[in-house]
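Here our numbering is used: the first residue of the sequence shown is 1, the next is one more, and so on. Glycine residues also receive a C-beta, built at the ideal position from the N, C-alpha and C atoms. First comes the structure, then the notes that go with it.
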Amino acid sequence: MGKYLLLWDFDRTRIPVDLKERGFALNMLVEMVKQDIKKGFIKDWGVFPGEFSGYTVVEGTEVDIMNFVQQYTPFVYFKAQPTGSISQVEEMIKAMTK
């Protein structure tokens, strides 16, 4: 199981013009995020202030990541980056210095 940094952007063509409608839609997405945090799948989540984008840190298999992304599609686009932990970097260094 790996850890992934997902950079996300809202599809701006799907954001309601009406402020109340926009608030309702954004609240639905935030509630989905809170559920994924509660399940332990999302480890960290945040928005870039003043933008319609942010980041999510998740742990899982490649299939887990693909399924996760689909539940937010087509309203959110993701770019996934696998990450390495400090212990993995130490393992790499150990292999280099043998």
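**Message:** Going by DSSP in three states, residue 40 sits in which element: helix, strand or coil?
**Reply:** coil
Exercise for the section: Tell me whether residue 53 sits in a helix, a strand or coil according to DSSP, three-state version. Expected result: strand
| request: Report buried or exposed for residue 29, applying the criterion of at least 16 other Cβ atoms within 10 angstroms of its Cβ. | output: exposed
*asked:* By alpha-carbon positions, which one of 84, 44, 21, 12 ends up nearest to residue 58?
replied: It is 44.
- Just how far apart, CA to CA, sit residue 82 and residue 66? 13 angstroms
How many Å lie between residue 12 and residue 53 at the Cα?
10 angstroms
Exercise for review: Could you check which residue in 17, 15, 95, 69 has the C-alpha nearest to that of residue 55?
Suggested key: Among 17, 15, 95, 69, the Cα nearest to that of residue 55 belongs to 69.
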